[in-house]
Every structure is written in structure tokens, then in C-alpha cells.
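So the working numbering is basically just the index in the sequence shown, starting at one, shifted up by 54.
Glycine included, every Cβ here is placed at the ideal spot set by N, Cα and C.
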Amino acid sequence: QVQLVESGGGLVQPGGSLRLSCVASENIFNFNIMGWYRQAPGKQRELVATINVGGITNYADSVKGRFMIYRDGAEKTVWLQMNSLSPEDTAGYYCKAELLRRNYWGQGTQVTVSP
55 QVQLVESGGG LVQPGGSLRL SCVASENIFN FNIMGWYRQA PGKQRELVAT INVGGITNYA
115 DSVKGRFMIY RDGAEKTVWL QMNSLSPEDT AGYYCKAELL RRNYWGQGTQ VTVSP
């Protein structure tokens with residue numbers, strides 16, 4: 055059973071930075087694609103950033119130029135570096151991995167951007 059464990063969320067002031075990590079229970083290169091999604095209260099879960107097995111990345115327009123997704127196979131980890139955070143980035147952030155047409159989700163980590 056694939057397990058994904060996120061960490062790194064917290065409270066940060068506008069303009070600040072956070073780095074989220076997602077540690078997988080197995081080799082991350084087994085997954086077709088891994089990514090970060092977020093869900094704010096009362097809103098649907100939305101894509102933030104993804105990285106595929108070939109290393110190609112994709113970002114939501116709202117985070118382009120501010121967020122960066124990257125990975126380390128040896129550490130079985132995918133990170134999301136978030137800079138220039140704004141209150142609109144406040145949400146639960148979830149890691150997702152796709153393997154053999156199945157999606158696996160982590161438990162999420164909360165990011166709150168507030169003065």
C-alpha cells in the first residue's frame with residue numbers, strides 16, 4: 055500500500071515562504087506523476103503543481119513564478135517550495151501520486167497565510 059506523508063505546513067505572514075515535503079513509502083520514480091493539490095474551505099480541491107516521471111513540471115497559473123516543485127529520488131521525497139505567499143494561498147495542501155491508474159493521497163498539511 056502506497057503511503058504519502060506530508061509535512062511543512064504552518065502559519066506564515068504574507069510575503070513569506072514555506073517548504074512542504076511529501077515522503078513516499080516507495081521509489082518515487084515508480085509513479086507516473088506526483089503532485090501537490092490544495093483545498094480551501096468551501097472550495098474544490100485544485101491542482102497546484104505536478105512533476106512527472108520524466109521530470110516535466112506543471113503549475114497552476116496562480117502559483118507560477120512563486121512556487122516550485124522538485125524531488126529527490128534517494129530521499130523518496132517531493133517538495134513544494136512556496137514563496138511570496140498571500141492569504142489566497144491559505145488551504146490544506148495534499149500530495150498525490152499516480153500509479154497504474156490509481157491515485158494515492160496523503161493526509162494533508164495546513165498552510166495559513168495571515169498577518
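For the set Leu134, Thr163, Ala94, the Cα lying nearest the Cα of Asn112 is the one of Leu134. Spanning the alpha carbons of Gln57 and Gln67 requires a straight line of approximately 31 angstroms.
Residue range 145 to 153 is occupied by the beta strand (DSSP E) that includes Lys150. In the DSSP assignment, Asn157 falls within the beta strand (DSSP E) that extends over 156 to 159. Beta-bridge pairing by DSSP links Gln93 to Gly146.
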